[in-house]
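A.B. asks: Protein chains in written order, with our numbering: chain A, 132 to 333; chain B, 76 to 324. All C-beta atoms in this analysis are idealised placements derived from N, C-alpha and C, irrespective of residue type, glycine included. Before I ask anything, let me first share the structure, which is written out below as structure tokens.
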């Protein structure tokens, strides 16, 4: 949560700086609020929060399942005639579908307030203007798109991290390698899938 | 009864099992011994259905498990209990949770019945009052005992022990051996113990089988094995550096 709060707030803050600079060229500083909100809700919120969660929780998931593999705990489940997928993979994918959108929402919210702090207090945008313009331009469809993206990232990250852990190689080196591969593969796929799902949902 | 017929298995081109033939009678406690890396654990992983043989058959109660799908294998696994080399206790569960796990997942016993069965199982393995501890808080010997309790909790017909005393001191090893013998007498399961702790392990065995070069080179009672004239068996029992078993590979 701390990771999400920190990255969300600073994302909103740097967005305020960069977008204010760009919008001022067109005399449209009043649109800072909706610009930040739309950037966060539709794109940066889902992607950046997914990347942060991958690094923090995805790696831990791969390592945990990998350790279970090398200590034969997964073999023990199989030997008990129990399906390891049911106990290890499915709950994590369901958790990903639920948790990723929740954390993305928090990321978006804290990012919008981070942008407010910089935009209103430091750059002189009107406090009422920041939120009222946001209401004019941000619609439910934008929020839905962001949440769908987020949920799909949850599936991708959970699946890859569980898979890598499940098929980890021998020893500590195997776990370390799987953890690295899981984070890298998840990060790349988040960006690739972001493009495709963005084209579909647009 | 377990019948292993001409079992072959290779890993990345390296032949590990080169035609294993072994028959294990019901309620027998057999020790499979051999040098490290000789394929002993590979044999019992085939019995569990965790590995698929390159060729050969394994019959458990006249059913060829090499031809079964996952559902069929699960029916066979319902008859099995396994003590893995490191215990394979679930880190996120307490000792109580570990032992109760198979009962909770596979039976319809009430909470009270499960509690009583776990209490009895812990008593059988000489561990009382450790139910709330986590595996990380246990010593090596205690982990093996808990793992043994978990392996026996569903009263399996066949119990597989993969090097149950590796890494333990002689006193704890001796106590684990005695525990295996005592539970074997109490529950009457068919037991297969993978071990290279000779001659101590002979005290609990009905029969011993020696694996060398991917085949069973000799089987017999502990006395017959001790008096064997087979060079590989003699070298293994005496721990000699001279003989057909290479110690640098």
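Would you give the residue range spanned by the beta strand (DSSP E) that residue 270(A) belongs to?
C.D. replies: Translated into positions along the first chain, residue 270(A) becomes position 139. Element bounds for residue 270(A): n/a, residue is neither H nor E.
A.B. asks: Tell me the residue span of the alpha helix (DSSP H) that contains residue 176(A).
C.D. replies: Start at 1 with the first residue of the first chain, and residue 176(A) comes out as number 45. Looking at the DSSP string, the run of the alpha helix (DSSP H) that includes residue 176(A) is 176-184.
A.B. asks: Would you list the one or two residues that DSSP bridges to residue 234(B)?
C.D. replies: For the purposes of this step, residue 234(B) is identified with residue 159 of the second chain, where counting begins at 1. Note: residue 234(B) sits in a beta bridge opposite 156(B) and 266(B).
A.B. asks: Who pairs with residue 109(B) in a beta bridge, going by DSSP?
C.D. replies: Walking along the second chain from the start, residue 109(B) turns up at place 34. Partner(s): 286(B).
A.B. asks: If you reduce the DSSP assignment to three classes, tell me which class residue 90(B) lands in.
C.D. replies: To locate residue 90(B), count along the second chain from 1; it is residue 15. The answer is strand: DSSP assigns residue 90(B) an E or B state.
A.B. asks: Taking the C-alpha atoms as reference points, what is the distance between residue 154(B) and residue 328(A)?
C.D. replies: As a first step, residue 154(B) is located in the second chain; it is residue number 79 there, counting from the start. As a first step, residue 328(A) is located in the first chain; it is residue number 197 there, counting from the start. Answer to the nearest angstrom: the Cα atoms are 48 Å apart.
A.B. asks: In chain order, what residues of the stretch 207-219 of chain A put their CB closer than 7 Å to some CB of chain B?
C.D. replies: So the close ones are 207, 209, 210, 211, 212 and 213.
A.B. asks: Which residue's Cα is closest to the Cα of residue 145(B): 231(A), 210(A) and 293(A)?
C.D. replies: Numbered from 1 along the second chain, position 70 holds the residue referred to as residue 145(B). Cα-wise, what sits closest to residue 145(B) is 210(A).
A.B. asks: Below 8 Å on the Cβ atoms is my contact criterion, and I expect residue 246(A) with residue 147(A) to pass it. Report the Cβ-Cβ distance as a whole number of Å.
C.D. replies: Position 115 of the first chain holds residue 246(A). Position 16 of the first chain holds residue 147(A). At roughly 4 Å, the Cβ-Cβ gap stays under 8 Å, so residue 246(A) and residue 147(A) are in contact.
A.B. asks: Residue 252(B) and residue 275(B) - do their beta-carbons sit closer together than 8 Å?
C.D. replies: In the second chain, counting from the first residue as 1, residue 275(B) sits at position 200. In the second chain, counting from the first residue as 1, residue 252(B) sits at position 177. Contact: yes.
A.B. asks: According to DSSP, residue 343(B) sits in a beta bridge with which residue or residues?
C.D. replies: The requested residue 343(B) does not occur in the structure, where chain B is confined to residues 76 to 324.
A.B. asks: Any C-beta of chain A sitting closer than 8 Å to the C-beta of residue 217(B)?
C.D. replies: Translated into the one-based positions of the second chain, residue 217(B) becomes position 142. Chain A contact via Cβ: absent.
A.B. asks: Using 8 Å for Cβ pairs, my map puts residue 142(A) next to residue 285(A). What's the rounded Cβ distance?
C.D. replies: In the first chain, the residue the question calls residue 142(A) occupies position 11. In the first chain, the residue the question calls residue 285(A) occupies position 154. About 19 Å separates the two Cβ atoms, so there is no contact after all.
A.B. asks: Would you decide whether residue 223(A) is buried or exposed? Buried here means 16 or more other CB atoms lie within 10 Å of its CB.
C.D. replies: Here residue 223(A) refers to the residue found at position 92 of the first chain. With 16 or more other Cβ atoms within 10 Å, it is buried.
A.B. asks: Using a Cβ-Cβ cut-off of 8 Å, state whether residue 177(B) counts as contacting chain A.
C.D. replies: Counted from its first residue, the second chain places residue 177(B) at position 102. So, interface residue.
A.B. asks: Whose C-beta lies closer than 8 Å to the C-beta of residue 166(B) among residues of the same chain, with five residues either side of it excluded?
C.D. replies: By one-based count along the second chain, residue 166(B) stands at place 91. Correct list, in chain order: 209, 210 and 211.
A.B. asks: Whether or not the stretch 189-202 of chain A and the stretch 293-313 of chain A are in contact is what I'm after, with contact meaning three or more pairs of Cβ atoms, one per stretch, closer than 8 Å; do they touch?
C.D. replies: Enough Cβ pairs lie closer than 8 Å, so yes.
A.B. asks: Which ranges would you report for the beta strand (DSSP E) in the stretch 166-241 of chain B if only whole runs of at least 3 residues count?
C.D. replies: DSSP runs (the beta strand (DSSP E)) wholly in the stretch 166-241 of chain B: 233-237.
A.B. asks: Determine, using beta carbons only, whether residue 292(B) comes closer than 8 Å to chain A.
C.D. replies: By 1-based counting over the second chain, the position of residue 292(B) is 217. With 8 Å as the cut-off, residue 292(B) does not count as an interface residue toward chain A.
A.B. asks: Residue 395(A) to residue 262(A), Cα distance in whole Å?
C.D. replies: As shown, chain A starts at 132 and ends at 333. That puts residue 395(A) outside it, with no answer to give.
A.B. asks: Under 8 Å by Cβ, that's how I've got residue 124(B) and residue 221(B) pegged, so tell me the actual separation to the nearest angstrom.
C.D. replies: Sequence index remark: in the second chain, residue 124(B) carries index 49 (1-based). Sequence index remark: in the second chain, residue 221(B) carries index 146 (1-based). About 24 Å; that fails the 8 Å criterion.
A.B. asks: Does the Cβ-Cβ distance between residue 104(B) and residue 269(B) come in under 8 Å?
C.D. replies: Start at 1 with the first residue of the second chain, and residue 104(B) comes out as number 29. Start at 1 with the first residue of the second chain, and residue 269(B) comes out as number 194. No, Cβ-Cβ distance for residue 104(B) and residue 269(B) is not below 8 Å.
A.B. asks: With a threshold of 8 Å on Cβ separation, who are the neighbours of residue 175(A) within its own chain once the five nearest residues in sequence on each side are excluded?
C.D. replies: Start at 1 with the first residue of the first chain, and residue 175(A) comes out as number 44. Within the same chain, residue 175(A) has close Cβ partners 142, 146 and 242.
A.B. asks: Using DSSP with H/G/I as helix, E/B as strand and the rest coil, what is residue 104(B)?
C.D. replies: Counting from one through the second chain, the residue named residue 104(B) turns up at place 29. Residue 104(B) falls in the strand class under three-state DSSP.
A.B. asks: Helix, strand or coil: which one does DSSP assign to residue 299(A)?
C.D. replies: Here residue 299(A) is taken as the residue at index 168 of the first chain, counted from 1. Coil.
A.B. asks: Rounded to whole angstroms, what is the Cα-Cα separation between residue 290(B) and residue 96(B)?
C.D. replies: Start at 1 with the first residue of the second chain, and residue 290(B) comes out as number 215. Start at 1 with the first residue of the second chain, and residue 96(B) comes out as number 21. Cα to Cα, the separation comes out at about 7 Å.
A.B. asks: Taking only beta carbons into account, state which residues of the stretch 160-174 of chain B come closer than 9 Å to chain A, listed in chain order.
C.D. replies: The stretch 160-174 of chain B vs chain A, Cβ under 9 Å: 160, 161, 162, 163, 164, 165, 166 and 167.
A.B. asks: Would residue 203(A) pass as an interface residue toward chain B - the criterion being a Cβ-Cβ separation below 8 Å?
C.D. replies: In the first chain, the residue the question calls residue 203(A) occupies position 72. Output row for residue 203(A): interface = yes.
A.B. asks: Which bits of chain A does residue 91(B) rub up against, with CB to CB less than 8 Å?
C.D. replies: The count along the second chain starts at 1 and reaches residue 91(B) at position 16. Those do not exist, as residue 91(B) stays about 15 Å from chain A at its closest Cβ, beyond 8 Å.
A.B. asks: Assign residue 156(A) to one of three DSSP states: helix, strand, or coil.
C.D. replies: Taking the first residue of the first chain as 1, we reach residue 156(A) at position 25. If DSSP states are grouped into helix, strand and coil, residue 156(A) belongs with the helices.
A.B. asks: How big is the Cα-Cα spacing for residue 305(A) and residue 160(B)?
C.D. replies: Along the first chain, one-based indexing puts residue 305(A) at 174. Along the second chain, one-based indexing puts residue 160(B) at 85. Their backbone Cα atoms lie some 19 Å apart in a straight line.
A.B. asks: State the start and end residues of the unbroken beta strand (DSSP E) segment that holds residue 134(B).
C.D. replies: One-based indexing of the second chain puts residue 134(B) at position 59. Where residue 134(B) is concerned, the enclosing beta strand (DSSP E) stretches over 130-135.
A.B. asks: What residue range does the alpha helix (DSSP H) around residue 241(A) cover?
C.D. replies: The residue labelled residue 241(A) in the question sits at position 110 within the first chain. Its alpha helix (DSSP H) spans residues 221-247.
A.B. asks: Closer than 8 Å, CB to CB, is residue 117(B) near chain A or not?
C.D. replies: Counting from 1 along the second chain, the entry for residue 117(B) is found at position 42. Closer than 8 Å: no.
A.B. asks: If you run the structure through DSSP and keep just helix, strand and coil, what is residue 320(B)?
C.D. replies: As a first step, residue 320(B) is located in the second chain; it is residue number 245 there, counting from the start. In the structure shown, residue 320(B) sits in coil (DSSP, three-state: anything other than H, G, I, E or B).
A.B. asks: Are residue 135(B) and residue 118(B) touching if we call contact CB-CB under 8 Å?
C.D. replies: Here residue 135(B) refers to the residue found at position 60 when the second chain is read from its first residue. Here residue 118(B) refers to the residue found at position 43 when the second chain is read from its first residue. Contact flag unset, no.
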